[in-house]
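Residues in the sequence shown are numbered consecutively from 4, following the numbering used here. Ideal placement from N, C-alpha and C gives every residue a C-beta, glycine not left out.
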Amino acid sequence: MAFFSFSTSPLTRLIPGSRSKATGAKRRLNSTIASIERSPGIIALDGPFTHDHVSVRGIRLHLAEAGSPTKPLVLLIHGAFGGWYDYREVIGPLADAGFHVAAIDLRGYGMSDKPPTGYDLRHAAGELSSVIAALGHDDAFLVGSDTGASIAWAIASMYPERVRGLISLGAIHPLDMRRAIRRKPHLHVSDLSRLAPFRLPSFLHNLFQFGITRAARREIVNNTSSSYQRSNAFTEAVLLRKKALSIDHTITPIIRTNRYLVGSIPSKTVSAPVWLLRTNSRRWEHLANTARTRTTGPFTTIAIPGGYELPYLENPSEFAATIAEFARTTF
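Following this line, the structure appears as structure tokens:
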């Protein structure tokens, strides 16, 4: 986005060398603006929360935090095309409801560190289990969307002592997701299409930047109502994702994070209570039935009015109330 523009005046054309100086100034200004736009600080939004970083396993992860550390922890985990900011309207209401709330930026996203390696599901699960401890808690309620849900399922199966309960949106346990796609690929065309680019070498990833920007917008369009898509909130959500995608060194992490949907982790059951958000589609009927077999504790499918698959964007107040209800019933 260019905030300023220059034109060459008649006087500039009369002064020897002035055109090149003006052009050089314009280039330097545009370069400065571009570097600002690529800075993680462009998504440091204000709100009823504070921005902080935690250091775990040799990496610094950003989070937006609210509520008393003495209250039960709710850890909000974004998906492959999002960031902490997806939950910005949920953090305050949950804190007001009596919870310690943290919305994380995953490795490679937003204001978190972006190392060149470590983008696998085991790393992600281990890092977030350590985040729970770093925030002063023994366990947490996990809320995950898309690949964030994949991570939440992984934590619940690999570190069961860290999980008090799990709300899953847009994904199920990654081993079950893989099995579901293999059994009925015709129901998972969109899942298959988004998994393809991660097989390419990393030096080709930047070629997909425009496609990823479109995919980030399409995820919102495909999972929200037409009335929401006519709102200012929709425009803001799309713009935030576009800004986040412009941050340096994010494209490769996004592509690699997509594979968390079907990542390899130990095949263990999940004993924590699970609420799975689902729609009435055949795809979700299939996924819900598959997910149920993974759990040994209480398992419930839920729907949020006016929320579709991204209720934290479309109906954040109702979504916050749903999380609070879940936490209180499983406390």
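Residues of its chain near residue i, where Cβ-Cβ distance is below 7 Å and the 5 sequence neighbours each way are ignored
i    : result
E328 : none
E222 : F84
P177 : L124, S153, W156, A157, Y263, L264, V265, G266, I268
V224 : Q232
L367 : Shown here, the chain extends from 4 to 334; a query on residue 367 therefore has no answer.
H56  : R63, L64, H65
T332 : none
According to DSSP, residues forming a beta bridge with residue i
i    : result
D55  : L66
G168 : F144
Y273 : The sequence shown places Val at residue 273, rather than the Tyr named in the question. Paired residues: T298.
H103 : L76
L305 : Looking at the sequence shown, residue 305 is not Leu but Ile. Paired residue(s): L280.
Proximal residues to residue i (C-beta, below 8 Å), its chain only, five neighbours per side dropped
i    : result
T150 : G82, A83, A174, T260, N261, Y263, L264
L97  : A69, G70, V77, V104, A323, I326, A327
F52  : A67, E68, A69, R91, I94, G95, A98, V104, A106
H252 : G111, K117
G44  : M114
I250 : R41, S42, P43, I45, I46, G113
F334 : P75, R167
Burial state of residue i, where buried means 16 or more other Cβ atoms lie within 10 Å
i    : result
P314 : buried
R197 : buried
S171 : buried
R281 : buried
T299 : exposed
P308 : exposed
T120 : exposed
G101 : exposed
Proximal residues to residue i (C-beta, below 6 Å), its chain only, five neighbours per side dropped
i    : result
A157 : L124, A128, I268
P72  : H103, G139
L243 : Y88
L316 : A240
I135 : A143, R165
T227 : Y311, L313, E317
Practice problem: Say whether the stretch 311-324 touches the stretch 87-107, bearing in mind that this needs 3 or more beta-carbon pairs closer than 8 Å, one atom from each stretch. | Solution: yes
Exercise. Could you tell me whether the stretch 180-189 touches the stretch 260-272, using the rule of 3 or more Cβ pairs below 8 Å?
Key: yes
Practice problem: Taking only runs that begin and end inside the stretch 233-264, name each unbroken alpha helix (DSSP H) of 4 or more residues, in chain order. | Solution: 235-248, 254-260
Quiz item: Taking one C-beta from the stretch 297-313 and one from the stretch 274-282 each time, how about it: are there three or more such pairs within less than 8 Å?
Solution: yes
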